[in-house]
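J.: Attaching a single structure in C-alpha coordinates format; questions to follow.
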Amino acid sequence: MSNLAPSELRPLAHIGVLCWEAGKVPRGLVQLEALRGNSTNPLTYPFPVAFRRVEGACWDTILEHPDPEVHRRMVEAGRELVASGIRGVTTSCGFNILLQQRLAEALGVPVFTSSLLQVPWVARLLGPRARIGVLTAKEDALTEEHLRCAGIDPASTHIRGLDACPQWSRIFRFPEEPVDLEAIRKEVVNTALDALKTAPDIGAFVLECTDLPPFAEAIRRATGRPVFDFVTLVGWVHSALGIQTPDPVGGTRTFGHGRHGS
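Sequential numbering of the sequence shown, starting at 322, is according to my numbering.
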(Lines of atoms letter the chains of each structure in order from A; the text may use other names.)
(Lines give C-alpha, C1' and ligand atoms only; values in the text may rest on other atoms or scores of the structure.)
Protein backbone atom coordinates (compact mmCIF):
# COMPACT_ATOMS: atom_id res chain seq x y z
CA MET A 322 0.00 0.00 0.00
CA SER A 323 1.24 3.50 -0.81
CA ASN A 324 0.27 6.87 0.56
CA LEU A 325 0.38 10.44 -0.64
CA ALA A 326 0.17 13.20 1.94
CA PRO A 327 -1.78 16.33 0.91
CA SER A 328 1.31 18.43 1.66
CA GLU A 329 3.25 16.41 -0.91
CA LEU A 330 0.91 17.27 -3.78
CA ARG A 331 1.75 20.18 -6.06
CA PRO A 332 -0.75 21.46 -8.63
CA LEU A 333 -0.22 20.67 -12.31
CA ALA A 334 2.38 18.00 -11.53
CA HIS A 335 3.39 15.86 -14.51
CA ILE A 336 6.43 14.17 -12.95
CA GLY A 337 5.96 11.66 -10.12
CA VAL A 338 8.61 10.54 -7.63
CA LEU A 339 8.37 7.17 -5.88
CA CYS A 340 9.88 7.65 -2.40
CA TRP A 341 10.80 5.70 0.71
CA GLU A 342 8.16 5.25 3.39
CA ALA A 343 7.73 8.15 5.80
CA GLY A 344 9.33 7.37 9.15
CA LYS A 345 11.79 4.89 7.61
CA VAL A 346 14.42 7.53 6.84
CA PRO A 347 17.45 8.05 9.16
CA ARG A 348 17.73 11.48 10.75
CA GLY A 349 20.85 12.28 8.73
CA LEU A 350 19.00 11.64 5.47
CA VAL A 351 16.16 13.85 6.69
CA GLN A 352 18.76 16.62 7.06
CA LEU A 353 19.98 15.98 3.53
CA GLU A 354 16.39 16.04 2.24
CA ALA A 355 16.13 19.64 3.43
CA LEU A 356 18.85 20.70 0.97
CA ARG A 357 17.86 22.07 -2.41
CA GLY A 358 18.92 19.51 -5.00
CA ASN A 359 17.76 16.50 -3.01
CA SER A 360 15.24 14.31 -4.83
CA THR A 361 12.58 14.64 -2.12
CA ASN A 362 12.78 18.42 -1.72
CA PRO A 363 10.10 20.21 -3.79
CA LEU A 364 12.39 23.25 -4.11
CA THR A 365 14.77 21.14 -6.19
CA TYR A 366 12.41 21.30 -9.15
CA PRO A 367 11.56 24.36 -11.27
CA PHE A 368 8.24 22.66 -11.99
CA PRO A 369 5.56 20.86 -9.95
CA VAL A 370 6.10 17.23 -8.94
CA ALA A 371 4.07 14.65 -6.99
CA PHE A 372 5.76 12.55 -4.31
CA ARG A 373 4.40 9.08 -3.59
CA ARG A 374 5.58 7.29 -0.44
CA VAL A 375 5.80 3.50 -0.79
CA GLU A 376 5.12 1.38 2.28
CA GLY A 377 8.15 -0.65 3.35
CA ALA A 378 10.60 1.13 1.05
CA CYS A 379 13.76 1.95 3.02
CA TRP A 380 17.53 1.48 3.11
CA ASP A 381 17.22 -2.21 4.02
CA THR A 382 14.55 -3.21 1.48
CA ILE A 383 16.05 -1.25 -1.41
CA LEU A 384 19.85 -1.44 -0.90
CA GLU A 385 20.75 -4.15 1.59
CA HIS A 386 18.10 -6.79 0.89
CA PRO A 387 15.96 -5.88 -2.15
CA ASP A 388 12.42 -6.95 -1.26
CA PRO A 389 10.13 -8.34 -4.01
CA GLU A 390 7.02 -7.26 -2.08
CA VAL A 391 8.27 -3.68 -1.84
CA HIS A 392 9.05 -3.81 -5.55
CA ARG A 393 5.46 -4.90 -6.21
CA ARG A 394 4.16 -1.99 -4.14
CA MET A 395 6.34 0.41 -6.12
CA VAL A 396 4.81 -0.81 -9.37
CA GLU A 397 1.32 -0.35 -7.92
CA ALA A 398 2.20 3.14 -6.66
CA GLY A 399 3.53 4.00 -10.10
CA ARG A 400 0.25 2.89 -11.67
CA GLU A 401 -1.64 5.13 -9.26
CA LEU A 402 0.52 8.10 -10.24
CA VAL A 403 -0.08 7.49 -13.94
CA ALA A 404 -3.82 7.11 -13.33
CA SER A 405 -3.79 10.55 -11.66
CA GLY A 406 -2.31 12.15 -14.80
CA ILE A 407 1.44 11.84 -14.20
CA ARG A 408 3.37 11.68 -17.50
CA GLY A 409 6.78 10.57 -16.25
CA VAL A 410 7.88 8.57 -13.19
CA THR A 411 11.19 8.56 -11.33
CA THR A 412 12.34 7.34 -7.90
CA SER A 413 14.16 8.76 -4.92
CA CYS A 414 16.95 6.15 -4.89
CA GLY A 415 19.38 5.25 -7.66
CA PHE A 416 19.41 1.59 -6.60
CA ASN A 417 15.86 1.32 -7.95
CA ILE A 418 17.49 0.79 -11.35
CA LEU A 419 16.69 -2.88 -10.67
CA LEU A 420 13.05 -1.94 -11.35
CA GLN A 421 13.68 0.04 -14.53
CA GLN A 422 12.40 -2.49 -17.04
CA ARG A 423 9.55 -3.72 -14.86
CA LEU A 424 8.23 -0.22 -14.18
CA ALA A 425 8.67 0.90 -17.79
CA GLU A 426 6.69 -2.11 -19.03
CA ALA A 427 3.96 -1.68 -16.41
CA LEU A 428 3.37 2.07 -16.52
CA GLY A 429 3.29 3.01 -20.19
CA VAL A 430 4.94 6.40 -19.61
CA PRO A 431 8.63 7.39 -19.54
CA VAL A 432 10.25 5.84 -16.46
CA PHE A 433 13.68 6.97 -15.27
CA THR A 434 14.43 5.20 -12.03
CA SER A 435 18.07 6.18 -11.57
CA SER A 436 20.72 8.68 -12.59
CA LEU A 437 22.77 5.62 -13.61
CA LEU A 438 20.76 5.63 -16.85
CA GLN A 439 22.93 8.58 -17.91
CA VAL A 440 26.22 6.64 -17.73
CA PRO A 441 26.10 5.05 -21.23
CA TRP A 442 25.15 8.40 -22.76
CA VAL A 443 27.92 10.26 -20.92
CA ALA A 444 30.38 7.58 -22.04
CA ARG A 445 29.47 8.36 -25.65
CA LEU A 446 30.00 12.06 -25.00
CA LEU A 447 33.54 11.50 -23.76
CA GLY A 448 34.81 8.82 -26.11
CA PRO A 449 36.48 5.45 -25.42
CA ARG A 450 39.58 6.77 -23.64
CA ALA A 451 37.68 8.33 -20.75
CA ARG A 452 35.91 6.61 -17.89
CA ILE A 453 32.93 7.72 -15.83
CA GLY A 454 33.45 8.24 -12.13
CA VAL A 455 30.35 6.89 -10.38
CA LEU A 456 29.85 8.09 -6.80
CA THR A 457 27.47 5.84 -4.90
CA ALA A 458 25.99 5.67 -1.42
CA LYS A 459 27.32 2.15 -0.83
CA GLU A 460 29.91 0.62 -3.13
CA ASP A 461 29.43 -3.06 -2.29
CA ALA A 462 25.65 -2.73 -2.78
CA LEU A 463 26.09 -1.50 -6.36
CA THR A 464 26.34 -4.83 -8.15
CA GLU A 465 26.92 -5.90 -11.73
CA GLU A 466 23.17 -6.48 -11.94
CA HIS A 467 22.53 -2.79 -11.19
CA LEU A 468 24.97 -1.83 -13.94
CA ARG A 469 23.41 -4.29 -16.39
CA CYS A 470 19.93 -2.88 -15.74
CA ALA A 471 21.27 0.58 -16.62
CA GLY A 472 23.01 -0.67 -19.77
CA ILE A 473 26.43 0.15 -18.32
CA ASP A 474 29.68 -1.44 -19.46
CA PRO A 475 31.60 -1.90 -16.17
CA ALA A 476 34.87 -1.22 -17.98
CA SER A 477 33.67 2.32 -18.73
CA THR A 478 33.34 3.21 -15.04
CA HIS A 479 35.37 3.83 -11.91
CA ILE A 480 33.04 3.34 -8.93
CA ARG A 481 33.58 4.95 -5.55
CA GLY A 482 31.34 4.56 -2.52
CA LEU A 483 30.95 6.80 0.49
CA ASP A 484 30.89 3.79 2.83
CA ALA A 485 34.25 4.54 4.45
CA CYS A 486 33.51 8.22 5.07
CA PRO A 487 33.03 8.68 8.84
CA GLN A 488 30.23 11.24 8.76
CA TRP A 489 28.37 9.61 5.87
CA SER A 490 28.49 6.15 7.46
CA ARG A 491 27.26 7.69 10.71
CA ILE A 492 23.88 8.24 9.01
CA PHE A 493 23.26 4.50 8.99
CA ARG A 494 25.20 3.42 12.08
CA PHE A 495 23.38 5.94 14.26
CA PRO A 496 20.06 6.58 12.46
CA GLU A 497 18.56 8.57 15.34
CA GLU A 498 21.43 11.07 15.53
CA PRO A 499 22.11 14.20 13.43
CA VAL A 500 25.11 14.57 11.14
CA ASP A 501 27.43 17.42 10.19
CA LEU A 502 26.37 18.44 6.67
CA GLU A 503 29.52 20.46 6.04
CA ALA A 504 31.61 17.42 6.95
CA ILE A 505 29.57 15.34 4.50
CA ARG A 506 30.15 17.92 1.76
CA LYS A 507 33.89 17.65 2.32
CA GLU A 508 33.74 13.85 2.33
CA VAL A 509 31.85 13.79 -0.97
CA VAL A 510 34.27 16.20 -2.64
CA ASN A 511 37.32 14.37 -1.28
CA THR A 512 35.92 11.06 -2.52
CA ALA A 513 35.68 12.52 -6.03
CA LEU A 514 39.22 13.93 -5.80
CA ASP A 515 40.58 10.59 -4.56
CA ALA A 516 38.86 8.86 -7.46
CA LEU A 517 40.64 11.21 -9.87
CA LYS A 518 44.01 10.44 -8.30
CA THR A 519 43.42 6.72 -8.77
CA ALA A 520 41.81 7.05 -12.19
CA PRO A 521 42.99 10.27 -13.89
CA ASP A 522 41.17 9.16 -17.06
CA ILE A 523 37.84 10.03 -15.43
CA GLY A 524 36.20 12.49 -17.79
CA ALA A 525 32.97 13.10 -15.89
CA PHE A 526 31.14 12.06 -12.76
CA VAL A 527 27.67 10.55 -12.38
CA LEU A 528 26.15 10.66 -8.90
CA GLU A 529 24.12 7.51 -8.26
CA CYS A 530 22.75 8.68 -4.94
CA THR A 531 19.85 11.15 -5.02
CA ASP A 532 21.13 12.74 -1.79
CA LEU A 533 24.30 13.95 -3.54
CA PRO A 534 23.07 16.58 -6.07
CA PRO A 535 23.29 19.37 -3.45
CA PHE A 536 27.07 18.83 -3.64
CA ALA A 537 27.32 18.57 -7.43
CA GLU A 538 28.57 22.12 -7.94
CA ALA A 539 31.25 21.65 -5.27
CA ILE A 540 32.43 18.52 -7.11
CA ARG A 541 32.52 20.40 -10.42
CA ARG A 542 34.60 23.19 -8.94
CA ALA A 543 37.01 20.84 -7.17
CA THR A 544 37.55 18.38 -10.03
CA GLY A 545 37.01 20.46 -13.15
CA ARG A 546 34.84 17.66 -14.52
CA PRO A 547 31.20 17.70 -15.65
CA VAL A 548 28.81 16.20 -13.09
CA PHE A 549 25.57 14.43 -13.97
CA ASP A 550 23.04 13.50 -11.33
CA PHE A 551 19.37 13.00 -10.53
CA VAL A 552 18.65 16.68 -11.20
CA THR A 553 20.16 16.63 -14.70
CA LEU A 554 18.20 13.45 -15.49
CA VAL A 555 14.84 14.81 -14.36
CA GLY A 556 15.37 18.13 -16.11
CA TRP A 557 16.25 16.33 -19.33
CA VAL A 558 13.13 14.14 -19.29
CA HIS A 559 10.86 17.01 -18.27
CA SER A 560 12.21 19.06 -21.17
CA ALA A 561 11.67 16.15 -23.59
CA LEU A 562 8.03 15.90 -22.50
CA GLY A 563 7.55 19.56 -23.52
CA ILE A 564 5.36 20.31 -20.53
CA GLN A 565 3.93 23.82 -20.42
CA THR A 566 3.77 25.31 -16.91
CA PRO A 567 2.06 28.58 -15.94
CA ASP A 568 4.52 31.41 -15.40
CA PRO A 569 4.11 33.47 -12.19
CA VAL A 570 4.03 36.68 -14.26
CA GLY A 571 1.44 35.36 -16.68
CA GLY A 572 1.39 33.15 -19.73
CA THR A 573 3.16 29.80 -19.90
CA ARG A 574 6.69 28.61 -20.25
CA THR A 575 8.33 25.36 -21.29
CA PHE A 576 11.02 24.19 -18.89
CA GLY A 577 14.17 22.67 -20.26
CA HIS A 578 16.15 25.73 -21.32
CA GLY A 579 16.73 27.14 -17.87
CA ARG A 580 19.03 26.08 -15.06
CA HIS A 581 18.16 22.79 -13.38
CA GLY A 582 21.12 22.73 -11.00
CA SER A 583 21.06 22.49 -7.27
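We put the beta carbon where it would ideally sit given N, CA and C, even for glycine.
Out of T412, A451, L428 and A427, point me to the one whose CA is closest to L437's CA.
T.: For the purposes of this step, residue 437 is taken as the residue at position 116 of the sequence shown. For the residues T412, A451, L428 and A427, the minimum Cα distance to L437 belongs to T412.
J.: How about G358 and A537: do their beta carbons lie closer than 9 Å?
T.: Counting from 1 along the sequence shown, the entry for residue 358 is found at position 37. Counting from 1 along the sequence shown, the entry for residue 537 is found at position 216. Going by C-beta atoms, G358 is nearer than 9 Å to A537.
J.: In this structure, what does DSSP give as the bridge partners for T478?
T.: Working through the sequence shown from its first residue, we reach residue 478 at position 157. According to DSSP, which records beta bridges pairwise, T478 is partnered with I453.
J.: Go to G399, then tell me how far its beta strand (DSSP E) extends in each direction, as first and last residue.
T.: Walking along the sequence shown from the start, residue 399 turns up at place 78. Note, G399: premise wrong, no beta strand (DSSP E); alpha helix (DSSP H) at P389 to A404.
J.: For I505, write down the residues that DSSP places opposite it in a beta bridge.
T.: Position 184 of the sequence shown, counted from the first residue, corresponds to residue 505. Partner(s): none; I505 has no beta bridge.
J.: Please list, in chain order, all residues of the same chain as H581 whose beta carbon is under 7 Å from its beta carbon, the five residues on each side excluded.
T.: As a working note, residue 581 is residue 260 in the sequence shown. With a pLDDT of only 31 at H581, under 50, the local geometry of the prediction cannot be trusted, and no value is derived from it.
J.: Residues in the same chain with beta-carbon distance under 7 Å from V432, minus the five sequence neighbours each way, listed in chain order, please.
T.: For the purposes of this step, residue 432 is taken as the residue at position 111 of the sequence shown. For V432, where only same-chain residues beyond five positions count, the Cβ hits under 7 Å are V410, Q421, L424 and A425.
J.: So the candidates are R374, F416, E385 and L339; which of them puts its Cα closest to the Cα of C470?
T.: Here the question's residue 470 lines up with position 149 in the sequence shown. Considering only alpha carbons, the answer is F416.
J.: Please determine, among E385, S405, D388 and L356, the residue with the shortest C-alpha to C-alpha distance to F372.
T.: Residue 372 sits at position 51 when you count from the first residue of the sequence shown. Closest by alpha carbon: S405.
J.: Can you give me the C-alpha to C-alpha distance between H386 and V455, rounded to a whole angstrom?
T.: Residue 386 sits at position 65 when you count from the first residue of the sequence shown. Residue 455 sits at position 134 when you count from the first residue of the sequence shown. Taking the straight line joining both Cα atoms gives about 22 Å.
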